[in-house]
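Visitor: Below is the structure I would like to discuss, written out as structure tokens.
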Amino acid sequence: MNATGNTSKNGGRRLNRIKIFSKVCRFLIGVYAGLSCLLILACWFGWVAILPGSTKITFSEHQTYTAPFIIPAPVLALATVKYGLVMFCALVLYRLLGLYGQGKYFTAKNITYIRFLGYYVVVDWIVNFLLESEAHYRTIIFTQAVTGLVIIFIAWIMDEGRKIKEEQELTV
Amino acid sequence: MSTTETLSKSSSGRRIRIFSQILKALVLIYLVGLPLVTLAVPALVDFLEVHFVLLPGQTIGHINSAASQPEVAPSTKIIGALATTVYLIAAMVFYRLLNLYEKGAIFSPAHVRLFRLLGFLAIGKGVLTIAGTLLPLDRYGLGLVLFFILHSAWMVGGFFGIMLACIMDEGCKLKEEQELTV
Chain A
0 MNATGNTSKN GGRRLNRIKI FSKVCRFLIG VYAGLSCLLI LACWFGWVAI LPGSTKITFS
60 EHQTYTAPFI IPAPVLALAT VKYGLVMFCA LVLYRLLGLY GQGKYFTAKN ITYIRFLGYY
120 VVVDWIVNFL LESEAHYRTI IFTQAVTGLV IIFIAWIMDE GRKIKEEQEL TV
Chain B
0 MSTTETLSKS SSGRRIRIFS QILKALVLIY LVGLPLVTLA VPALVDFLEV HFVLLPGQTI
60 GHINSAASQP EVAPSTKIIG ALATTVYLIA AMVFYRLLNL YEKGAIFSPA HVRLFRLLGF
120 LAIGKGVLTI AGTLLPLDRY GLGLVLFFIL HSAWMVGGFF GIMLACIMDE GCKLKEEQEL
180 TV
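Listed in order, the protein sequences are those of chains A and B.
Just so we're aligned: the first sequence equals residues 0 to 171 in numbering that gives the first Met the number 0.
Just so we're aligned: the second sequence equals residues 0 to 181 in numbering that gives the first Met the number 0.
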């Protein structure tokens, strides 16, 4: 009886932690999206002047610029795609965390969002490779691509959890 | 029946098992295969221009080349070595996790423990990487410190790993309840 009570108390504390974590993360995503927007506007409209003097615009390891007007058009296009994807991904993450905040852990929507995040990481890896190629650095680091595949793998595992949950709901 | 219930024999269960085998092979190639090739075939390494990246932006020249190496600050070397150690431990923990999935277990306390450990290791790696990158502050300026922290994939991944561990724990409870249902 006591052990059961402790378990449920621990479970409640854990769920509460997830809720708090999702709230904090959603706030940070908001801040990050705001900063990313600023960066995109800085690139397109030359607002970089409002940022601190030592600020440099960095798109990838070897794509760093001090002024927006010296960025070549292909790099600007790739950077726009990259940050566009970042913004979309931030939105997906925001919604996923919203579902976690509501206590919905194993739903079809969650799995779709997680899978999308995996695809995003792989696409971002390709865009980064193209950006580095523009700087004549053809560096291939597979860590990011493997991370993307691992996220898709996690989505499959969560899908198994969803099936268990559905089975449980159907059990009278 | 134990809590480490086997994966369903459906196509998704098979898919998870096959994919974990592939990922295990990739981890082995990365941890054992690549260092062996580096030592055994120096010509290939020189041809591919393999570099050892201590920390972002801190590349130590060709591994096999006798050419002079660029100056790296001792503090950066220590942080880089620590970050690499954490990275290797995380790779081993990940391998153990994949082993469990390959055996067919999906929601168990062992998974939760390993996921949580992976999360903490990723946060550790993130902190070390940020410390190593921001150490020469003149390179980036303090204005972008927050952006750097939020942009650290390791930190974000670490926190999500811990959160996933909590969700996996919920999955464990569901599994236990399912097993108790007649």
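C-beta: ideal position from N, C-alpha, C; glycine also.
So with CB distances below 8 Å, who are the chain B contacts of tryptophan 124 (chain A)?
Guide: None at all; the shortest Cβ gap to chain B is about 11 Å.
Visitor: When the Cα atoms are used, what is the spatial distance from leucine 259 (chain A) to arginine 25 (chain A)?
Guide: Here chain A comprises residues numbered 0 to 171, so residue 259 (chain A) is not present and cannot be evaluated.
Visitor: In this structure, how does DSSP classify alanine 104 (chain B) when only helix, strand and coil are distinguished?
Guide: Three-state DSSP puts alanine 104 (chain B) in a strand.
Visitor: Taking 7 Å as the CB-CB limit, is leucine 173 (chain B) close to chain A?
Guide: Closer than 7 Å: yes.
Visitor: Considering only the alpha carbon of each residue, which of A:Pro71, A:Leu27 and A:Ala32 lies closest to alanine 134 (chain A)?
Guide: Comparing Cα-Cα distances from alanine 134 (chain A) to each of A:Pro71, A:Leu27 and A:Ala32, the minimum goes to A:Pro71.
Visitor: Could you tell me the boundaries of the beta strand (DSSP E) in which serine 59 (chain A) lies?
Guide: Taken as a continuous stretch (DSSP letters only), the beta strand (DSSP E) holding serine 59 (chain A) covers 56-59.
Visitor: Under the assumption that leucine 117 (chain B) contacts glycine 160 (chain B) (Cβ atoms under 8 Å), give the Cβ distance between them as a whole number of angstroms.
Guide: Indeed, because the Cβ distance is near 5 Å, the residues count as touching under 8 Å.
Visitor: Hey, does threonine 180 (chain B) have any beta-carbon neighbour from chain A nearer than 7 Å?
Guide: Answer yes: the Cβ-Cβ gap between threonine 180 (chain B) and chain A drops below 7 Å somewhere.
Visitor: List the DSSP bridge partners of threonine 63 (chain A).
Guide: Answer is A:Thr57, bridged to threonine 63 (chain A).
Visitor: Going along chain A, which residues have a C-beta under 9 Å from phenylalanine 106 (chain B)?
Guide: In chain order: Ile156, Glu159, Gly160 and Ile163.
Visitor: Within 7 Å (strictly less), CB to CB, does glutamate 169 (chain B) reach chain A?
Guide: At least one chain A Cβ lies under 7 Å of glutamate 169 (chain B).
Visitor: Starting from the Cα of phenylalanine 105 (chain A), find the closest Cα among A:Leu27, A:Glu168 and A:Ser59 and give me that residue.
Guide: When only C-alpha atoms are compared, the closest one is A:Glu168.
Visitor: Within 10 angstroms of the Cβ of glutamine 62 (chain A), are there 16 or more other Cβ atoms? Answer buried if so, exposed if not.
Guide: Result: buried.
Visitor: Going by the CB atoms, is the gap between isoleucine 156 (chain A) and glycine 117 (chain A) shorter than 7 Å?
Guide: Not closer than 7 Å, so no.
Visitor: Can glycine 157 (chain B) and glycine 125 (chain B) be called in contact, C-beta distance under 7 Å?
Guide: It is a contact, given that the beta carbons lie within the stated cut-off.
Visitor: Just the C-alpha distance for valine 30 (chain A) and threonine 57 (chain A), rounded to the nearest angstrom, thanks.
Guide: Cα to Cα, the separation comes out at about 18 Å.
Visitor: Would DSSP call alanine 242 (chain B) helix, strand or coil?
Guide: Shown here, chain B extends from 0 to 181; a query on residue 242 (chain B) therefore has no answer.
Visitor: Strictly under 7 Å for the Cβ-Cβ distance: is isoleucine 166 (chain B) near chain A by that measure?
Guide: With 7 Å as the cut-off, isoleucine 166 (chain B) counts as an interface residue toward chain A.
Visitor: Do alanine 32 (chain A) and isoleucine 89 (chain A) count as a contact pair if the criterion is CB distance below 7 Å?
Guide: The residue asked about is misnamed: residue 89 (chain A) is alanine in this sequence, not isoleucine. Result yes, Cβ atoms of alanine 89 (chain A) and alanine 32 (chain A) sit closer than 7 Å.
Visitor: Only counting the same chain, and skipping five residues up and downstream in sequence, which positions put a Cβ closer than 6 Å to that of serine 67 (chain B)?
Guide: For serine 67 (chain B), the predicted model reports a pLDDT of 48, less than 50, meaning its position is unreliable; a value from the coordinates is still stated below. Around serine 67 (chain B): no qualifying Cβ.
Visitor: Would you please state the rounded distance, in angstroms, between the beta carbons of tyrosine 100 (chain B) and serine 19 (chain B)? I believe it to be under 8 Å.
Guide: Yes, tyrosine 100 (chain B) and serine 19 (chain B) are in contact; Cβ-Cβ is about 4 Å, under 8 Å.
Visitor: Along the chain, where does the alpha helix (DSSP H) containing lysine 172 (chain B) start, and where does it finish?
Guide: Unbroken alpha helix (DSSP H) run through lysine 172 (chain B): 152-179.
Visitor: My output table needs one value for tyrosine 104 (chain A): the three-state DSSP class, helix, strand or coil.
Guide: Coil at tyrosine 104 (chain A), not helix or strand.
Visitor: Helix, strand or coil: how does DSSP classify alanine 39 (chain B) here?
Guide: Correct three-state label for alanine 39 (chain B): helix.
Visitor: Identify the continuous alpha helix (DSSP H) that holds valine 225 (chain B) and give its terminal residues.
Guide: With chain B covering only 0 through 181, there is no way to say anything about residue 225 (chain B).
Visitor: What residue does the alpha helix (DSSP H) around phenylalanine 152 (chain A) start on, and which one ends it?
Guide: From DSSP, the alpha helix (DSSP H) with phenylalanine 152 (chain A) extends over 142-169.
Visitor: Give the residues from the segment 88-114 of chain A that approach chain B closer than 8 Å (Cβ to any Cβ), ordered along the chain.
Guide: Flagged, chain order: Tyr99, Tyr104 and Phe105.
Visitor: So is phenylalanine 18 (chain B) in contact with chain A if we call contact Cβ pairs under 7 Å?
Guide: With 7 Å as the cut-off, phenylalanine 18 (chain B) counts as an interface residue toward chain A.
Visitor: Tell me whether lysine 81 (chain A) is buried or exposed, calling it buried when 16 or more other Cβ atoms sit within 10 Å of its Cβ.
Guide: Answer is buried; the Cβ neighbour count reaches 16.
Visitor: Run down chain A in chain order and give the residues with a C-beta less than 8 Å from the C-beta of leucine 163 (chain B).
Guide: The answer, in chain order, is Ile153.
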